[in-house]
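Structure first, commentary second.
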Amino acid sequence: MAISLMEGNEAIAWGAFEAGCRFYAGYPITPATTIFNTMLRLLPPAGGICIQGEDEIASIGSCLGASMAGLKVMTATSGPGLSLYSEHISFAIGSEIPIVITVVQRLGPSTGSATRGADGDIQFMRWGNSGGLPIIALAPSDVRDCFVLTIHAFNLAEEFRCPVFVASNKEVSMTKEGVDIKAVERPGIIDRATPPSGVPFLPFDVAPSRSVPYFLPIGSDFPVRQTSSTHGPDGYITTDPGQIARNQARLRVKLLSAVERFSFHEAFLEKGADTLVLTYGVTARAAKDVYQKFKQTASPVSLLVLKTLWPVPETLIREKAREAKRVIVLEMNDGQYVREVRRILPEKQVDFYGKMNGKLLTPLEIQEVISND
Amino acid sequence: MTSLLNKERPPVFCPGCTHDRIAKVLDSTYQHMGLKGNQIAMVSDIGCSGLFDTFFHTHAFHGLHGRALTYATGMKLAHPELNVIVTMGDGGMGIGGAHFLSACRRNLNLTLLVLNNFNFGMTGGQFSATTPPDAVVGSGFLNELERPMDVCKVAVSAGATYVTRCSAYRKDLAEELERAIRHDGFSVIDIWGICVGRYAKKNRLTPKKIDETLSALPPVEGVVEENQRKEYGKHYREEAGTRKTVPLPSGIEPECTPPGKTRQEIIILGDAGQRIITAGDLLCFAGLSAGLRVTQKNEYNITVLRGPSISEVILSPDEILFTGIETPSVVIAIGQEGVNRRAQLFDRLHPGTLVIRADDVAIPETAARTVTVDFKAQSIRAPERALASLGILARLETAINISMLTAALKDRFREPILSSSLDLVRRAGQNAES
């Protein structure tokens, strides 16, 4: 049992590679650069492509081109780059281009602090697109999560043909841990569905049994159209309000109706616990310490660690919060995801604790929050 | 050959628009080259030039303004056999300038047709990157204040290997397009035309006027000799083919016995350039060699060879959850900048904490047990202090021991670095005893 020392970013790169990623384009930015460094070691010898874009717009743009040519693609950045990704995130949502986008969050706003962690872009990932349609975001807490959730991210991008975010944080991505990466249980690999033969192909036609169009790559025998314009099943501009509305609804429902299948989480529910601590990302680690401490006392607390953040796993949160009178949401920001928790648990007391100073939430701070109700 | 024009979607340009003519000429080029629709990808962005992809029965990718070259780059690298034809307007040249420069520098085998009609036709005739200052356009006086960009000069200076400036009315345009498509590298054709719907309404522009203007400029035609070099995609695959496959990290076997059974939290406070992060790595590998759980997080400024460098390492027989360190069991203070950054830490230390301090580094008052080391007296240089401190730590059997540190060094270093590192550790360790 040989244990290797790996940082979160390396694990993300390895997860991408094992998921079949063969195209990576990125622009250097702390704390995401080591993903680029690792992809540059992994992809070229394996026949893949890793390039450094002239900026973030070009990086994600070339990913979209490569994805439509049939490759599994990833790009990675931090807040300032995520800002520049916006137009192409919207494109990937509306035109159903599979892509994994890793956002290694750092303290904002703006260029903020390059080497300090935060979870300040959680709502930005969800809403930083024109049109407001949903995306998928998964949040790792440790190196193992980085590896496994990145594989899941590729599977989801392939299955649902949408952008999938790996919502990391400097404190997860650039923290090294001992991990037996070879022994980690991998999910099976999913590839985008190709159309059955013999049926005329329309690039955005959706079979009655499906919620996502079949995929043929640009470069296949049959000419394929891709467009950022509002389109009908044939990939040409449409002005038919009925057709437009149906497509917009499908883009929303294909994710919202499926989230229960990929509501990744860890739940530690204690009998008789009045308080449920709900968190994600690196803060889950401190929260687990606190959970274990309270478990030894007369008044234990429950803990729910979300690893799927978007779409909001509403059913899961309601179910795990059922016994709780009080829910405490912990975040490394000024209160972003707590808005979702308050929205879906209107009958509960939902408290928030977070900070935005580049420092981790500590077990001691969390303990105090729990004790002071 | 059959036409690739989409009969169900004929061009919808203004009557007399040059774009209409270029679409038909491009079709005749495709026919002459014997290309089928599935051998071509037409990539376009926004504006009237962005309609091009819809008129052809080819692969098509239509995206955001100025970004066509970015999509084309990914597509061509993924699919080298495709003929990737990019249409952009003079508007796209402005907003996508960085992508244009990069495409020229890269020399990936793409063909860029700049449908240059000197204004933003679709949005109301505003000025673009190529609008002459004396033109009357939809941006008031603003174009009078800016100088138009010479697309071809920029392309040549940025390294494009095939550049042509011509009129859309040029008689052999079809042949010229074919030469550009057949060129094995990035080719740019700056095609001057007339926007009848906007620009030509207030500016007298005719095919003859275009010819006159072009003939007054130095000709730019075809292969740029001084820029000739390998095509990017081929060059990339050539280089990639020489790289060795990288295996999953193999890890280190837990063969040593740790000096104790308690969780150890170690902070190394140093300056940039003192190999602090490497020492943190070594501590982790030493921990792994004894079957311990390990985490390491580092802090540094954006400066490279200046500023503090701090590594925080936890070694524990139990699972490590919270990765922060509140009250360390060991502090290695070997650089003033690192110490200053974490000065408040020393007040919290208790007598059970071990501080290894370089004698030229001042630390705040502390209750911790302090070992002061004169590195200079032992001829230990600044970049060696961190590793030397690990040698002291190992000799004191605190957090790690000699067998763990030796295992870590053997895993990380090859000769001759390994021997010199082992020697440094041994020398520094003697210091701990004295």
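Chains as they are written, first to last, in the numbering used here: chain A, 1 to 373; chain B, 1001 to 1434.
Heads up, the beta-carbon is just placed ideally off N, CA and C, and yes, glycines get one too.
Cutoff 9 angstroms: residue 222 of chain A Cβ touching any chain B Cβ: Cβ-Cβ to chain B under 9 angstroms: yes for residue 222 of chain A.
CA nearest to the CA of residue 1360 of chain B, picked from B:1347, B:1191, B:1376 and B:1354: Answer by Cα proximity: B:1376.
Where residue 115 of chain A meets chain B, residues with beta-carbon distance less than 8 angstroms: Close partners of residue 115 of chain A in chain B (Cβ separation under 8 angstroms): 1299, 1300, 1301 and 1302.
Where residue 1238 of chain B falls, given that 16 or more other Cβ within 10 Å makes a residue buried: So residue 1238 of chain B ends up on the exposed side.
Complete beta strand (DSSP E) runs within the stretch 1121-1197 of chain B (minimum length 3 residues, chain order): For the stretch 1121-1197 of chain B, whole beta strand (DSSP E) runs of length 3 or above, ordered along the chain, are 1162-1167 and 1187-1192.
Counterpart residues of residue 1330 of chain B in DSSP-defined beta bridges: Residue 1330 of chain B is bridged to B:1266 and B:1354.
Residue closest to residue 81 of chain A, alpha-carbon to alpha-carbon, out of A:361, A:156, A:112 and A:345: Here the closest residue by C-alpha is A:112.
Inter-residue Cα distance where the pair is residue 1051 of chain B and residue 1216 of chain B: Residue 1051 of chain B and residue 1216 of chain B: Cα-Cα distance of roughly 32 angstroms.
Closer than 8 angstroms at the beta carbon, the chain B residues around residue 44 of chain A: For residue 44 of chain A, the neighbours in chain B by C-beta distance under 8 angstroms run, in chain order, 1236, 1239, 1240 and 1243.
Proximity of residue 1296 of chain B and residue 1314 of chain B at Cβ, strictly below 9 angstroms: Yes, the pair counts as a contact, with Cβ atoms nearer than the cut-off.
Short CB-CB distance (under 9 angstroms) between residue 267 of chain A and chain B: For residue 267 of chain A, no CB of chain B lies under 9 angstroms from its own CB, so it is not counted at the interface with that chain.
Stretch-stretch touch, CB-based, cutoff 8 angstroms, three pairs: the stretch 1057-1069 of chain B with the stretch 1093-1106 of chain B: At 8 angstroms Cβ cutoff, the stretches touch.
Within-9 angstroms CB hit, residue 1186 of chain B to chain A: Chain A places no beta carbon closer than 9 angstroms to that of residue 1186 of chain B, leaving this residue out of the contacts.
Between the CA atoms of residue 1227 of chain B and residue 1414 of chain B - distance to the nearest angstrom: Using only the alpha carbons, I get a separation of about 43 angstroms.
Whole runs of the beta strand (DSSP E) within the stretch 42-109 of chain A, excluding any shorter than 3 residues: Along the length of the stretch 42-109 of chain A, whole beta strand (DSSP E) runs at least 3 residues long occupy 49-52, 72-77 and 99-107, reported in chain order.
Chain B contacts from the stretch 77-95 of chain A (Cβ-Cβ distance under 9 angstroms): Close to chain B, meaning a Cβ-Cβ distance shorter than 9 angstroms, are the following residues of the stretch 77-95 of chain A: 87, 88, 90, 91 and 95.
Pick from B:1125, B:1151 and B:1106 that is closest to residue 1142 of chain B, judged by C-alpha positions: Of B:1125, B:1151 and B:1106, the residue nearest in Cα terms is B:1125.
CB contact below 9 angstroms: residue 1306 of chain B versus chain A: With its beta carbon at least 9 angstroms from every one in chain A, residue 1306 of chain B lies outside the interface.
Nearest to residue 47 of chain A (by Cα), restricted to the options B:1240, B:1346 and B:1373: Each of B:1240, B:1346 and B:1373 was checked against the Cα of residue 47 of chain A, and the nearest Cα belongs to B:1240.
Interface positions of the stretch 215-246 of chain A facing chain B (Cβ-Cβ less than 8 angstroms), listed along the chain: Look at the stretch 215-246 of chain A: the residues with a C-beta under 8 angstroms from a C-beta of chain B are 217, 218, 219, 220, 221, 222, 223, 224, 225, 226, 227, 228, 229, 235, 236 and 237.
Whole-angstrom distance between residue 1399 of chain B and residue 1434 of chain B, CA atom to CA atom: Low per-residue confidence applies at residue 1434 of chain B: pLDDT is 49, beneath 50, and the placement is therefore not dependable, though the value from the model is reported in the following sentence. When rounded, the distance between both Cα atoms is 20 angstroms.
Neighbour list for residue 363 of chain A in chain B, Cβ cutoff strictly below 7 angstroms: Chain B residues near residue 363 of chain A: 1322.
Given 8 angstroms, three or more beta-carbon pairs between the stretch 1337-1346 of chain B and the stretch 1257-1275 of chain B: Yes, the stretch 1337-1346 of chain B touches the stretch 1257-1275 of chain B.
Residues of the stretch 158-183 of chain A with Cβ closer than 8 angstroms to any Cβ of chain B, in chain order: Those would be 171, 174, 175, 176, 177, 178, 180, 181 and 182, in chain order.
Contacts around residue 375 of chain A, its chain only, beta-carbon distance under 7 angstroms, and the 5 residues preceding and following it disregarded: Past the boundaries of the shown model lies residue 375 of chain A; chain A is included only from 1 to 373, so the question cannot be answered.
Proximity winner among B:1355, B:1005, B:1379 and B:1159, relative to residue 1107 of chain B (alpha-carbon distances): Checked all of B:1355, B:1005, B:1379 and B:1159; the closest Cα to residue 1107 of chain B is B:1159.
Start-to-end residues for the alpha helix (DSSP H) that takes in residue 288 of chain A: Note, residue 288 of chain A: alpha helix (DSSP H), 283-295.
Rounded C-alpha distance that separates residue 1163 of chain B from residue 286 of chain A: CA-CA distance, residue 1163 of chain B to residue 286 of chain A, rounds to 60 angstroms.
Continuous alpha helix (DSSP H) assignments of at least 4 residues falling wholly in the stretch 4-35 of chain A: Fully enclosed alpha helix (DSSP H) runs of no fewer than 4 residues occupy 8-19 of the stretch 4-35 of chain A, in order along the chain.
Beta-carbon spacing of residue 1109 of chain B, residue 219 of chain A below 9 angstroms: With respect to residue 219 of chain A, residue 1109 of chain B sits apart: the two C-beta atoms are not nearer than 9 angstroms.
Length of the line joining the Cα atoms of residue 39 of chain A and residue 54 of chain A: Rounded to whole angstroms, residue 39 of chain A to residue 54 of chain A spans 17 angstroms at the Cα level.
Nearest-angstrom Cα separation, counted from residue 1002 of chain B out to residue 1113 of chain B: Roughly 22 angstroms separates the two Cα atoms.
Proximal residues of chain B, C-beta to C-beta of residue 71 of chain A below 7 angstroms: Think of a sphere of 7 angstroms around the beta carbon of residue 71 of chain A: the chain B residues whose beta carbon falls inside it are 1078, in chain order.
Bounding residues of the beta strand (DSSP E) (the contiguous stretch that carries residue 144 of chain A): Counting along the chain, residue 144 of chain A falls outside any beta strand (DSSP E), though it belongs to the alpha helix (DSSP H) covering 143-160.
Simplified DSSP state of residue 1249 of chain B, which is helix, strand or coil: Residue 1249 of chain B carries a coil assignment under DSSP once its states are collapsed to helix, strand and coil.
DSSP three-state assignment for residue 1079 of chain B, whether helix, strand or coil: In this structure, DSSP gives residue 1079 of chain B a state outside helix and strand, which the three-state scheme calls coil.
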